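Protein sequence lines correspond, in order, to chains A and B.
The letter at position 164 of the first sequence is residue 588 when you use our numbering, and the numbering goes up by one with no holes.
The letter at position 129 of the second sequence is residue 130 when you use our numbering, and the numbering goes up by one with no holes.
Where a beta carbon is used, it is the ideal one built from N, C-alpha and C, also for glycine.
On a predicted model such as this, the values are computed, not experimentally measured, just so you know.
Worksheet for the structure shown next.
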Amino acid sequence: MTIGYVARRIGIFFLIVITAVTLNFFIPRLRSTNPIQSRMNQLAAQGGVYENQIQELIKIYNQKFGFDQPLWRQYLNYWRDLINLDLGVSVAFYPQTARDMIARSAPWTIGLLIVSTLIAFVLGTLLGALMAWPRTSRIATALSPLFMTLSAIPYYLVGMLFIYLIAMRWRLLPVGGAYTAGVNLTLSWPMALDIGRHAILPAASIVLSSIGSWGLGMRAMMTSTLGEDYLHMAEAKGLKPKTIFFDYALRNALLPQVTSLAISLAMVMSGAVLVEVIFGYPGVGNLLFKAIAGNDYFVIQGISLFIILSIGVVLLALDLLYPLIDPRIKYRQG
Amino acid sequence: MMAKNEGRFVGALGRYRLLIAGATLVTLVTLFGLVGQLFVPIEMSEVGAGRPAKPPSAEHWLGTDQQGRDVLADLIYGTPTSLEIGVIAGVFGVTIGALVGLIAGYAGGFIDEVIKIIVDILLTIPSLMILIIVASMLGAVSVEAMALIIAALAWMLPARAVRAQVLTIRERMYVQVARFNGASNLRIILGELLPNLLPYLAANLVGAISGGILASVGLSTLGLGPMTRPSLGLTFYWAITYGALIRQMWWWFLPPIVIIVVLFLGLFMMSQGLDRIANPRLQSKA
């Protein structure tokens with residue numbers, strides 16, 4: 425791993441950050457009218473928020489937007505606030521800040537995503553490898569069309585079917601939420617079990633509908649690996665098929681899969697947003713849905729920034745780890 | 002095993018089997034909307050067309066939703082909307098992507114490097130997030146506006162695929178010959194590169210349409226799509242908002258799921274089928 429490679433990857437990470445922040449800054453300003461003012465008036469008309477609170481909010485927002493200042497000044501202020509982790513306040517849940525709301529829901533999303541992505545990655549990769557393997561069992565060949573079909577369906581639709589059948593019809597698992605309502609969150613085994621039970625269906629909908637795409641990628645990699653000379657050599661040496669499969673073929677075909685993990689992360693994230701909405705899972709996706717419904721402008725912006733930045737961080741980590749896993753590749757240019 | 006059977010029994014048709022099967026499914030979904038509109042008046046898809054929240058009956062084959070829309074009519078008028086957004090977004094996205102990819106692959110050097118970095122960065126940013134910011138800022142968007150917004154974020158994958166193809170085709174003998182014969186760059190691109198790219202472009206177009214539909218349905222499900230015209234996503238939005246799942250109103254949310262499954266399965270099979278035609282090597286091995 426050369427310094428040039430690391431510098432390049434870190435450079436790309438910062439470019440992602442700058443792009444995301446700049447888009448977040450400019451898109452709302454493409455409108456000629458002040459979006460906040462009109463939303464506030466809307467809100468006032470609906471009632472529920474006190475007059476003096478609205479005035480206070482408008483003041484905060486105007487300060488934040490700084491419409492009286494030149495554009496470059498507003499842009500710099502935007503960056504300054506971001507660096508101070510100041511994402512603004514919620515309109516719907518004033519005086520809560522967007523940062524606190526995101527911080528409270530983020531762990532749920534991160535947990536759900538890590539678990540389901542890892543399971544899908546392992547199962548899908550194994551399935552794909554088995555599909556390309558000539559001496560594979562009937563079960564793998566029979567299962568693959570099923571997972572291919574599932575991969576064509578958006579995650580949240582699988583989730584809806586799960587809710588309808590498993591949670592509502594058969595009452596096997598909870599319908600939604602991350603834990604039984606009304607329970608205080610404590611660190612105990614029953615609580616962990618409860619959280620686990622609530623996570624099964626959302627996680628399963630992500631896993632089931634993403635196994636197929638992992639499988640497809642792995643099958644292609646495995647097919648090209650099977651043509652390699654060292655596999656014929658291993659076979660000629662009389663190694664057990666199991667050893668050849670796991671230690672020779674699978675291991676070598678696996679590495680590029682890590683790269684596709686990075687690429688599909690953005691897609692998995694987008695899919696998970698809707699899964700959370702369907703299950704009422706208290707993560708950032710659900711928060712986003714509520715924020716959209718309540719025109720909660722700063723929360724929407726804060727969440728999208730948070731998601732883009734987290735993906736950037738994970739990508740950077742994967743990029744930096746990848747050469748360590750695969751010593752064959754020397755990086756000079758990506 | 003499958004490849005062997007295909008070779009023996011279906012012969013040349015086997016190459017196109019997946020494509021044909023996929024196209025059939027997509028056609029079915031399209032016809033459902035187009036033909037259905039001849040029989041069901043649009044008023045049936047409006048609020049209060051029937052008594053609310055009733056299960057299927059002779060009068061309303063798929064029942065009614067919480068606000069009294071006829072679910073069947075809602076789907077008949079909503080499916081084409083989602084298809085329309087996907088097709089517009091896909092066509093624009095692939096056209097832009099093909100242009101960018103051609104320029105990057107053909108020009109090479111500095112231009113290529115810059116385009117590559119831009120594509121890489123935009124690919125890592127979940128476009129749904131940008132779409133959400135744009136859509137939530139614009140308020141109520143029209144069908145066309147939504148399609149164009151999605152298209153603006155759908156060109157990166159085609160651009161990357163086309164660029165990779167151009168890089169390999171560029172060095173082939175027939176292109177070199179054309180160049181030695183003094184053909185202009187434009188002529189090489191249009192006459193030599195583009196025809197060879199067509200299968201890839203077709204596969205990319207199907208992928209982009211599928212992605213466009215996925216994005217539009219997702220946005221509408223979040224309540225960020227056009228609210229005045231029925232669409233599949235809007236049906237999900239109302240179903241979620243009114244708790245159709247908890248109330249077990251299966252006639253409301255199951256039919257749109259079935260339509261989407263058939264549609265995405267068809268598009269997926271089409272793109273896999275086109276892929277096989279574009280890369281014949283894949284077929285013998287897979």
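- Neighbours of M130 (chain B) across chain A, judged by C-beta separation under 7 Å: S728, I731 and I732.
- Residue contact with chain B for Y588 (chain A): present (Cβ-Cβ distance below 8 Å to some residue of chain B).
- By the CB criterion at 8 Å, F265 (chain B) and A644 (chain A) fall outside the cutoff.
- When the five nearest sequence neighbours on each side are left out, the beta carbons in the same chain lying within less than 8 Å of the beta carbon of H61 (chain B) are those of G51, K55, D71, V72 and L73, in order along the chain.
- The beta-carbon of G535 (chain A) is placed no less than 8 Å from the nearest beta-carbon of chain B.
- Interface criterion met: the Cβ of W251 (chain B) is under 8 Å from a Cβ in chain A.
- Residue A:Q725 holds the alpha-carbon nearest to the alpha-carbon of L509 (chain A) among A:Q725, A:L745, A:Y746 and A:L744.
- Following the DSSP letters along the chain, one finds R277 (chain B) inside the alpha helix (DSSP H) bounded by residues W251 to A279.
- In the three-state reduction of the DSSP assignment, T610 (chain A) falls in the coil class.
- Contacts with chain A (Cβ-Cβ distance below 8 Å) from the segment 101-122 of chain B involve I118, D121 and I122, listed in chain order.
- At a cut-off of 8 Å between C-beta atoms, F722 (chain A) does not count as an interface residue with respect to chain B.
- Of all alpha-carbon atoms in A:A690, A:T647, A:M693 and A:I731, the one lying nearest the alpha-carbon of L678 (chain A) is that of A:T647.
- Of the residues A:G736, A:L712 and A:P747, the one whose Cα lies closest to the Cα of A530 (chain A) is A:L712.
- Residue range A522 to A556 is occupied by the alpha helix (DSSP H) that includes A556 (chain A).
- Collapsing the DSSP output to three states places T82 (chain B) in a helix.
- Close CB contacts of T80 (chain B) within its chain, under the 7 Å cut and outside five residues either way in sequence, are with V30, F33, G34, L233 and I260 (chain order).
- Per the coordinates, the alpha-carbon of L149 (chain B) lies some 6 Å from the alpha-carbon of A90 (chain B).
- DSSP places V582 (chain A) in the helix class (H, G or I) of the three-state scheme.
- Around the Cβ of E193 (chain B), a 10 Å sphere holds 16 or more other Cβ atoms; the residue is buried.
- Annotation: the continuous alpha helix (DSSP H) that includes T565 (chain A) extends over R562 to S575.
- A residue is called buried once 16 or more other Cβ atoms fall within 10 Å of its Cβ, and F450 (chain A), having fewer, is exposed.
- Here T426 (chain A) carries a coil assignment [DSSP, helix/strand/coil].
- The contact set of G219 (chain B) on chain A, defined by CB atoms closer than 9 Å, consists of P578, Y580, S694, G695, V697 and L698 in chain order.
- Cα atoms of I434 (chain A) and W156 (chain B): separation of roughly 25 Å, rounded to the nearest angstrom.
- For P231 (chain B) against D75 (chain B), the beta-carbon gap comes to about 5 Å, under 8 Å, which counts as contact.
- Contact of A616 (chain A) with chain B by beta-carbon distance below 7 Å is absent, the smallest such distance being about 26 Å.
- According to DSSP, residue pairing for V513 (chain A) in a beta bridge involves A:T521.
- With at least 16 other beta carbons inside 10 angstroms of its own, L202 (chain B) counts as buried.
- A553 (chain A) sits buried, since 16 or more C-beta atoms from the chains shown fall within 10 Å of its C-beta.
- Listed along chain B, no residue sits closer than 8 Å to T667 (chain A) by beta-carbon distance, the nearest being about 23 Å off.
- When C-beta atoms of the segment 611-620 of chain A are compared with those of the segment 657-666 of chain A, fewer than three pairs fall below 8 Å, so the two segments do not count as touching.
- The Cβ-Cβ distance between S514 (chain A) and F722 (chain A) falls below 8 Å.
- For V262 (chain B), the closest Cβ of chain A is nearer than 8 Å.
- For W239 (chain B), the number of other beta carbons within 10 angstroms of its own is at least 16, and it is reported as buried.
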